[in-house]
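Down below is the structure, laid out as structure tokens.
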Amino acid sequence: MYGLDSFERHRAVADIIKHSLPAPASILYVGGEVSIRCNHLGRFLKAYSITTANVERASDVSYDGDVLPFDDKSFD
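If you use my numbering, the sequence shown closes out at 60, no skipped numbers anywhere.
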């Protein structure tokens, strides 16, 4: 489920972030997980602060799927 396809997609997203948003920066990753096995984005963006939010999986923040529990402009 979290094989090469997931790894490649996260690498592509990380490349876009690196070219668009200089480090250090804070990123909200909706749908992300904190699991070592699944956190490919964190592997590619070590100079960034990544907060994960998810309704189903282990994440930094759980939310109801409707309203994220963060103030506006909490992330870059």
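Don't be surprised by glycine CBs; every beta carbon is placed ideally from N, CA and C. Small disclaimer: the values here were computed from a predicted structure and weren't measured.
Am I right that residue i and residue j are in contact with their C-beta atoms under 8 Å? What's the rounded C-beta distance?
i: residue 16; j: residue 58; result: 16 Å between Cβ atoms; not a contact.
i: residue 7; j: residue 31; result: 4 Å
Can you tell me whether residue i is buried or exposed? The criterion is at least 16 other CB atoms within 10 Å of its CB, across all chains shown.
i: residue 34; result: buried
i: residue 26; result: buried
i: residue 24; result: buried
i: residue 94; result: The requested residue 94 is not part of the displayed model; the chain covers only -15 to 60.
i: residue 4; result: exposed
i: residue 0; result: exposed
Would you report the Cα separation of residue i and residue j, rounded to the nearest angstrom?
i: residue 54; j: residue -2; result: 23 Å
i: residue 45; j: residue 19; result: 13 Å
i: residue 14; j: residue 28; result: 17 Å
i: residue 12; j: residue 36; result: 6 Å
i: residue 60; j: residue -8; result: 24 Å
For the beta strand (DSSP E) containing residue i, name the first residue and the last one.
i: residue 12; result: 10 to 14
i: residue 37; result: 33 to 38
Provide the residue span of the alpha helix (DSSP H) that contains residue i, from first to last.
i: residue 41; result: Note, residue 41: premise wrong, no alpha helix (DSSP H); not H, not E.
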